[in-house]
Amino acid sequence: MATAMYLEHYLDSIENLPCELQRNFQLMRELDQRTEVDKHIRRLDADLARFEADLKDKMEGSDFEGSGGRGLKKGRGQKEKRGSRGRGRRTSEEDTPKKKKHKGGSEFTDAILSVHPSDVLDMPVDPNEPTYCLCHQVSYGEMIGCDNPDCPIEWFHFACVDLTTKPKGKWFCPRCVQEKRKKK
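Here the sequence shown is numbered in full-length UniProt numbering, starting from 1 and rising by one per residue.
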């Protein structure tokens, strides 16, 4: 009699198993879709921030005519610093891309430039997602790996290490370069 009860209980639990598995797989699919959407949004936000910073650099680097006919000119040979995240430097006016002069368009540019690239980093981040780089942020945008196999960080955002393109040959992060210099 006890065996019959045990067998009956076992059969009941097996009947429910497919429903539980199906529900768990559905939950896993939904979570996966959400994380994919979040990653895509972060990528788009990083691209938008990069575009806004480039636009700001172009606007600062070019001659700009205000609505009253007064023009603001940047002196030749002045060094221009980019955003606080360090996207590199342009050393002279010849290096900056040229932009057409605008008349009375300051409202538009002020609205565009009011958004800060740091807004990208204000998004909620999954606590399980690994962080990288000197900034201890999640992976977004273009990244480069340190060629030191013992590097504790390994991956870095281009903007955080002042890169715009991947360098040829081996590349070492600032920490590893500093450690190599100390050893010499």
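Think of the CB as a built atom: it goes at the ideal place given N, C-alpha and C, for glycine as much as any other residue.
Closer than 8 Å by C-beta to residue i: which residues in its own chain qualify, once you throw out the five before and the five after it? Chain order, please.
i: K180; result: F172
i: E94; result: Residue placement at E94 cannot be trusted, given a pLDDT of 39 that sits under 50; what the coordinates show is reported in the next sentence. Hits under 8 Å: none found.
i: N24; result: none
i: P174; result: L134 and V161
i: I153; result: Y132, C133, L134, C146, C173 and R175
Please go through the same chain and pick out, in chain order, the residues whose beta-carbon is closer than 7 Å to the beta-carbon of residue i, but skip the five residues on each side of it.
i: V115; result: Summary for V115: the model assigns pLDDT 44, below 50, so the residue's position carries little reliability; its value from the coordinates is reported in the next sentence. E52, listed in sequence order.
i: C176; result: C146, N148 and C151
i: L163; result: I144
Which one of the options has the shortest CA to CA distance from residue i?
i: F158; options: M5, D47, E36 and R23; result: D47
i: D38; options: I14, S139, R23 and K166; result: S139
i: D45; options: E142, C19 and V161; result: E142
i: N128; options: E60, R43 and T35; result: T35
Give the range of the alpha helix (DSSP H) segment to which residue i is assigned.
i: I153; result: Unbroken run through I153: none, as it is neither H nor E.
i: G61; result: A2 to G61
i: V177; result: P174 to K183
Leaving out the 5 sequence neighbours to the left and right, which residues in its chain are closer than 6 Å to residue i when beta-carbon positions are compared?
i: K74; result: Since pLDDT at K74 reaches only 40, below the 50 mark, its modelled position is unreliable, and no value is offered.
i: P167; result: none
i: H9; result: none
i: K182; result: none
Could you pull the start and end residues of the beta strand (DSSP E) that residue i belongs to?
i: G141; result: Segment: none, G141 is in no beta strand (DSSP E) and carries neither H nor E.
For the putative contact between residue i and residue j, defined by C-beta atoms under 8 Å, what is the C-beta separation to the nearest angstrom?
i: W155; j: C133; result: 7 Å
For residue i, decide whether its Cβ has a neighbour in chain C, counting only Cβ atoms nearer than 8 Å.
i: G141; result: Note that chain C does not occur in the displayed structure, where there is just one protein chain.
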